[in-house]
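Trainee:
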Amino acid sequence: MSRPRIAALAAAALLINAAPAAAERLVASLSNRHIMITSNYTGVELVLFGSVERDAVNAGRGIAYDIVATVIGPRETVRTRRKQRVLGIWVNTASRTFVDPPSYLAVLANRPLDVIASADNRRKLQLGIADTPLPELINNDIGEVSNDPFRAALVRLMSERGLYSEEANAVTFLTPILFRASIKLPAQVPIGDYTVDVKLFADGNLIGHTALLFEIVKVGFEQFVVEAAREHGLLYGLATAFMALLTGWIASVAFRRD
Amino acid sequence: MQIYLPIADIPVNVFLVLAMGLAVGFISGMFGVGGGFLMTPLLIFIGVQPAVAVASVTTHVAASSFSGAIAYWRRRALDFTLALTLLAGGIVGSAGGVALFTWLRALDQLDLVIGLSYVTLLTVVGVLMVGESARAIIRGRQGKPVELRRPGSHAWFHGLPLKLRFKRSKVYVSAIPVLAIGFIIGFLGAVMGIGGGFLLVPMLIYLLRVPTVTVIGTSMVLTFLTMVSATVLHAATNHLVDAVLALILMVGGVIGAQFGAHAGQRIRGEWLRLFLGLLVLAVGMRFAFQLVIRPDDLYSIRQVGGGL
Numbered sequence: 001m002s003r004p005r006i007a008a009l010a011a012a013a014l015l016i017n018a019a020p021a022a023a024e025r026l027v028a029s030l031s032n033r034h035i036m037i038t039s040n041y042t043g044v045e046l047v048l049f050g051s052v053e054r055d056a057v058n059a060g061r062g063i064a065y066d067i068v069a070t071v072i073g074p075r076e077t078v079r080t081r082r083k084q085r086v087l088g089i090w091v092n093t094a095s096r097t098f099v100d101p102p103s104y105l106a107v108l109a110n111r112p113l114d115v116i117a118s119a120d121n122r123r124k125l126q127l128g129i130a131d132t133p134l135p136e137l138i139n140n141d142i143g144e145v146s147n148d149p150f151r152a153a154l155v156r157l158m159s160e161r162g163l164y165s166e167e168a169n170a171v172t173f174l175t176p177i178l179f180r181a182s183i184k185l186p187a188q189v190p191i192g193d194y195t196v197d198v199k200l201f202a203d204g205n206l207i208g209h210t211a212l213l214f215e216i217v218k219v220g221f222e223q224f225v226v227e228a229a230r231e232h233g234l235l236y237g238l239a240t241a242f243m244a245l246l247t248g249w250i251a252s253v254a255f256r257r258d
Numbered sequence: 259m260q261i262y263l264p265i266a267d268i269p270v271n272v273f274l275v276l277a278m279g280l281a282v283g284f285i286s287g288m289f290g291v292g293g294g295f296l297m298t299p300l301l302i303f304i305g306v307q308p309a310v311a312v313a314s315v316t317t318h319v320a321a322s323s324f325s326g327a328i329a330y331w332r333r334r335a336l337d338f339t340l341a342l343t344l345l346a347g348g349i350v351g352s353a354g355g356v357a358l359f360t361w362l363r364a365l366d367q368l369d370l371v372i373g374l375s376y377v378t379l380l381t382v383v384g385v386l387m388v389g390e391s392a393r394a395i396i397r398g399r400q401g402k403p404v405e406l407r408r409p410g411s412h413a414w415f416h417g418l419p420l421k422l423r424f425k426r427s428k429v430y431v432s433a434i435p436v437l438a439i440g441f442i443i444g445f446l447g448a449v450m451g452i453g454g455g456f457l458l459v460p461m462l463i464y465l466l467r468v469p470t471v472t473v474i475g476t477s478m479v480l481t482f483l484t485m486v487s488a489t490v491l492h493a494a495t496n497h498l499v500d501a502v503l504a505l506i507l508m509v510g511g512v513i514g515a516q517f518g519a520h521a522g523q524r525i526r527g528e529w530l531r532l533f534l535g536l537l538v539l540a541v542g543m544r545f546a547f548q549l550v551i552r553p554d555d556l557y558s559i560r561q562v563g564g565g566l
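Top line first, the protein sequences correspond to chains S and L. Residue numbers for the first sequence follow our numbering, beginning at 1 and rising by one. Residue numbers for the second sequence follow our numbering, beginning at 259 and rising by one.
(1) In the DSSP assignment, find the beta strand (DSSP E) that holds K421 (chain L) and state where it starts and stops.
(2) Leaving aside the five residues before and after P409 (chain L) along the sequence, list all residues of the same chain whose C-beta is less than 8 angstroms from its C-beta, in chain order.
(3) Quick one: measure Cβ to Cβ for T495 (chain L) and V356 (chain L), integer angstroms, because I've assumed they're closer than 8 angstroms.
(4) Between Q561 (chain L) and chain S, is there a C-beta pair that is closer than 8 angstroms?
(5) Alpha carbons only, please: which of L:A281, L:R397, L:Q307 is nearest the one belonging to W529 (chain L)?
(6) If you reduce the DSSP assignment to three classes, tell me which class P186 (chain S) lands in.
(7) Does the ligand ZN have even one heavy atom less than 7 angstroms from the beta-carbon of L365 (chain L)?
(8) Can you tell me whether A168 (chain S) is helix, strand or coil according to DSSP?
(9) Considering only DSSP beta bridges, list what H34 (chain S) is partnered with.
(10) Which first and last residues belong to the beta strand (DSSP E) in which R96 (chain S) is found?
(11) Count the other C-beta atoms from every protein chain shown that fall within 10 angstroms of the C-beta of A152 (chain S), then say buried if there are 16 or more, exposed otherwise.
(12) On the DSSP bridge list, what partners appear for N271 (chain L)?
(13) Within the same chain, show all residues whose beta-carbon is closer than 6 angstroms to that of G564 (chain L), passing over the 5 residues directly before and after it, in chain order.
(14) Specify whether the stretch 436–445 of chain L and the stretch 342–361 of chain L touch according to this definition: at least 3 beta carbon pairs, one from each stretch, less than 8 angstroms apart.
(15) Using a C-beta cutoff of 8 angstroms, does F255 (chain S) count as contacting chain L?
(16) Just list the residues that DSSP pairs A504 (chain L) with in beta bridges.
(17) L185 (chain S) and L46 (chain S) look like a contact to me (Cβ under 8 angstroms); what is the Cβ gap, rounded to whole Å?
(18) Taking 8 angstroms as the threshold (beta carbon to beta carbon), is V502 (chain L) in contact with chain S?
(19) So is D554 (chain L) in contact with chain S if we call contact Cβ pairs under 8 angstroms?
(20) Run through DSSP, which three-state label would N121 (chain S) get?
(21) Taking only beta carbons into account, state which residues of the stretch 76–106 of chain S come closer than 9 angstroms to chain L, listed in chain order.
(22) The beta strand (DSSP E) with Q84 (chain S) in it runs from where to where?
(23) Decide if the stretch 505–522 of chain L is in contact with the stretch 280–294 of chain L; the criterion is three or more beta carbon pairs, one per stretch, under 8 angstroms apart.
(24) Could you tell me which residues DSSP pairs with L178 (chain S) in its beta bridges?
(25) Could you give the residue range of the beta strand (DSSP E) that holds Y430 (chain L)?
(26) Which of helix, strand or coil does DSSP assign to F255 (chain S)?
(27) Could you please give the first and the last residue of the uninterrupted alpha helix (DSSP H) stretch that includes L530 (chain L)?
(28) Quick one: list the residues of chain S neighbouring Q367 (chain L), beta-carbon separation under 9 angstroms, in chain order.
(29) Under 8 angstroms, do G475 (chain L) and A335 (chain L) count as touching if we go by C-beta distance?
(30) Measure the alpha-carbon distance for M461 (chain L) versus V226 (chain S) and round it to whole angstroms.
(31) Whole angstroms is fine: what's the gap from A21 (chain S)'s alpha carbon to D55 (chain S)'s?
(32) I need the straight-line Cα distance from T240 (chain S) to T489 (chain L), nearest angstrom please.
(33) Take R560 (chain L) and list the residues in its own chain whose beta-carbon comes closer than 6 angstroms to its own, dropping the five residues that flank it on each side.
(34) In chain S, which residues lie less than 8 angstroms from Y262 (chain L) when you measure between Cβ atoms?
(35) Is the Cβ of Q307 (chain L) closer than 8 angstroms to any Cβ of chain S?
(36) For V27 (chain S), does the three-state DSSP call read helix, strand or coil?
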């Protein structure tokens, strides 16, 4: 599903990249590539940092660079439902299925996106939440619906949970070529593989990009519990039931009064 | 201290959940009920998904009713034959309840049905309990003796076949109503995450004429058996039982229940029933308001799994 999109993106990037005599090279890295969820996990903040490497010619020209970093989490199909009053009570009456939208989407930039790139460029590069495709399932077909209230609701609800965000001042340039940004991952972010796509702009044009990866994994006990519950449901259930009986028995012995 | 719940996928404060376990345990020990009808809404309130809350509370109720059942067993105040007959109906009911639960979740109507069931059940039971206990209190004030129920009054189902003799309870009744009661309790337990003790006790007393001596013990045995089977069924089909959450709840619950039982012995029966009735009614009203008042957000989202 997303493969043609990535191919199109790569082609677009190549085209735009090839246009100017690009002498800049984008270098970026993350403070941590393996985030482990342990029992005291309450969310984490990652630092993205990088620099724009210029050759001698460009270094003298004093170009102002822009950075847009897009963090995308594992994709998972989501249903958005709308309530309506039926016989006096509120019931879910309508729903739309979104096919594999990102479960986490953060767009970090140093300036508002509409200042960094033109509307045309933003759409082509899928820059920002508004231009990120969120295809829906329509009668066994998959497609984009423009001005869809269900899409708006999905983005709003995900934003309220801290899962979707777009920040125009999240990237800070420490020097004209050195930048950093913090990626806030709230506690409820899903586990899995994340990509960070960093794009470098100058004068409204994409002049370089680089992609980074990181993963969020459950480790130790948490991992064990989840795996047991998913893979061996019956055994897990029996073990949980046994734990309940044991707790009940211990309590009855501990508080015995006769 | 925050702890991450592996199945509910949210971090919670251990002391908050422990305190909830203690408080609900106190109430359940005081009134002799499982407390599931209070615990499930509380968990939903702190952000646990309703489905995970229902599934995990079944485990919590299994633990608290097991410790209660052991105490009654030591006093020989329970009827195993009756409990096992009820259980036969209860297991079928649990399986049906878990199946309905799975189906409703797929239809996006689980939250609504849980809400509606809570409103209906809690309002009806609450009103009945408040009415009955208020009458008893007024009668007591007027100095009239407690109304005695006529023994031997027969309802239509006493004429049904397949009669069984339950020796310890000293009743001789058809197996059909017993199985049906078991089915209802098992079904509601699986769908709503409640033990159903507050329904079972009056049903056994008023419908089957089981003596009060064996009623609570028998109800505890049935509750723990149906909740154990609901735990296993929920874990095997929906993978929603959070063992970490259940463990914190049950530790608080069993401790709270001991103090609750102490406190309960110092209050007179009809007042105890009045307080429980008001509590049940309050929870029911809370659910009713939630269904009737326009929600802050008409939209909600739910993950339906990766890929397609």
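Don't be surprised by glycine CBs; every beta carbon is placed ideally from N, CA and C. This one's a predicted model, so the numbers in the text were calculated from it and none came from an experiment.
Mentor: A quick look at the data gives this:
(1) Translated into the one-based positions of the second sequence, residue 421 (chain L) becomes position 163. Element bounds for K421 (chain L): 421–424.
(2) Taking the first residue of the second sequence as 1, we reach residue 409 (chain L) at position 151. Residue confidence for P409 (chain L) is low, a pLDDT of 48 falling below 50, so the modelled location carries little weight and cannot support an answer.
(3) If you number the second sequence from 1, residue 495 (chain L) lands on position 237. If you number the second sequence from 1, residue 356 (chain L) lands on position 98. Confirmed, Cβ separation roughly 6 angstroms.
(4) Residue mapping note: residue 561 (chain L) aligns to position 303 of the second sequence, counting from 1. At least one CB atom of chain S sits nearer than 8 angstroms to the CB of Q561 (chain L).
(5) Translated into positions along the second sequence, residue 529 (chain L) becomes position 271. Taking each of L:A281, L:R397, L:Q307 in turn and checking the Cα distance to W529 (chain L), the smallest one comes out for L:R397.
(6) Taking the first residue of the first sequence as 1, we reach residue 186 (chain S) at position 186. If DSSP states are grouped into helix, strand and coil, P186 (chain S) belongs with coil.
(7) Of ligands this structure carries none, so the ligand ZN is not represented either.
(8) For the purposes of this step, residue 168 (chain S) is taken as the residue at position 168 of the first sequence. In the three-state reduction of the DSSP assignment, A168 (chain S) falls in the coil class.
(9) By 1-based counting over the first sequence, the position of residue 34 (chain S) is 34. Bridge partners of H34 (chain S): S:E215.
(10) If you number the first sequence from 1, residue 96 (chain S) lands on position 96. Taken as a continuous stretch (DSSP letters only), the beta strand (DSSP E) holding R96 (chain S) covers 89–98.
(11) Indexing the first sequence from 1 puts residue 152 (chain S) at position 152. Flag for A152 (chain S) reads exposed.
(12) Counting from 1 along the second sequence, the entry for residue 271 (chain L) is found at position 13. N271 (chain L) pairs with L:Q260.
(13) The residue labelled residue 564 (chain L) in the question sits at position 306 within the second sequence. With a pLDDT of 36 at G564 (chain L), under the threshold of 50, the modelled position of that residue is not reliable, and the figure given next carries that caveat. Contacts found: none.
(14) Taking a cut-off of 8 angstroms on C-beta distances, the stretch 436–445 of chain L touches the stretch 342–361 of chain L, as three or more cross pairs fall below it.
(15) Indexing the first sequence from 1 puts residue 255 (chain S) at position 255. Chain L has a Cβ within less than 8 angstroms of the Cβ of F255 (chain S).
(16) In the second sequence, the residue the question calls residue 504 (chain L) occupies position 246. Bridge partners of A504 (chain L): none, in fact.
(17) Taking the first sequence and counting its residues from 1, the one referred to as residue 185 (chain S) is at position 185. Taking the first sequence and counting its residues from 1, the one referred to as residue 46 (chain S) is at position 46. Rounded, the Cβ-Cβ distance is 7 angstroms, consistent with contact.
(18) For the purposes of this step, residue 502 (chain L) is identified with residue 244 of the second sequence, where counting begins at 1. Chain S, which has a Cβ nearer than 8 angstroms to the Cβ of V502 (chain L), makes this yes.
(19) Working through the second sequence from its first residue, we reach residue 554 (chain L) at position 296. Contacts with chain S at 8 angstroms (Cβ-Cβ) do not include D554 (chain L).
(20) If you number the first sequence from 1, residue 121 (chain S) lands on position 121. The answer is helix: DSSP assigns N121 (chain S) an H, G or I state.
(21) Of all residues in the stretch 76–106 of chain S, only E76, T77, V78, R79, T80, R81, R82, K83, Q84, R85, G88, I89, W90, V91, N92, S95, T97, F98, V99, D100, S103 place a beta-carbon less than 9 angstroms from a beta-carbon of chain L.
(22) Position 84 of the first sequence holds residue 84 (chain S). 78–86 is the span of the beta strand (DSSP E), which, as asked, contains Q84 (chain S).
(23) Look at the beta carbons and you see the stretch 505–522 of chain L touching the stretch 280–294 of chain L: at least three pairs across the two are nearer than 8 angstroms.
(24) Locating residue 178 (chain S) in the first sequence gives position 178, where the first residue counts as 1. DSSP output for L178 (chain S) lists S:S51 as bridge partner(s).
(25) Here residue 430 (chain L) is taken as the residue at index 172 of the second sequence, counted from 1. For Y430 (chain L), the uninterrupted beta strand (DSSP E) segment begins and ends at 429–432.
(26) On the first sequence, residue 255 (chain S) is found 255 positions in, with the first residue counted as 1. Coil, per DSSP.
(27) In the second sequence, counting from the first residue as 1, residue 530 (chain L) sits at position 272. Element bounds for L530 (chain L): 527–550.
(28) As a first step, residue 367 (chain L) is located in the second sequence; it is residue number 109 there, counting from the start. Within 9 angstroms Cβ-Cβ: V91, N92.
(29) Within the second sequence, the letter at position 217 stands for residue 475 (chain L). Within the second sequence, the letter at position 77 stands for residue 335 (chain L). Taking 8 angstroms as the Cβ cut-off, G475 (chain L) and A335 (chain L) qualify as a contacting pair.
(30) Walking along the second sequence from the start, residue 461 (chain L) turns up at place 203. Walking along the first sequence from the start, residue 226 (chain S) turns up at place 226. Computed Cα separation, rounded: 39 angstroms.
(31) If you number the first sequence from 1, residue 21 (chain S) lands on position 21. If you number the first sequence from 1, residue 55 (chain S) lands on position 55. Legend: pLDDT at A21 (chain S) = 49, less than 50; position of this residue unreliable, value from coordinates given subsequently. The straight-line gap from Cα to Cα measures roughly 11 angstroms.
(32) Counted from its first residue, the first sequence places residue 240 (chain S) at position 240. Counted from its first residue, the second sequence places residue 489 (chain L) at position 231. One C-alpha to the other measures close to 8 angstroms.
(33) The residue given as residue 560 (chain L) occupies position 302 in the second sequence. The answer is none, since no qualifying residue turns up.
(34) Within the second sequence, the letter at position 4 stands for residue 262 (chain L). Chain S residues near Y262 (chain L): I37, T38, S39, N40, Y41, T42, A187, E222.
(35) To locate residue 307 (chain L), count along the second sequence from 1; it is residue 49. Not a single C-beta of chain S is nearer than 8 angstroms to the C-beta of Q307 (chain L).
(36) Taking the first sequence and counting its residues from 1, one reaches residue 27 (chain S) at position 27. In this structure, DSSP gives V27 (chain S) an extended state, which the three-state scheme calls strand.
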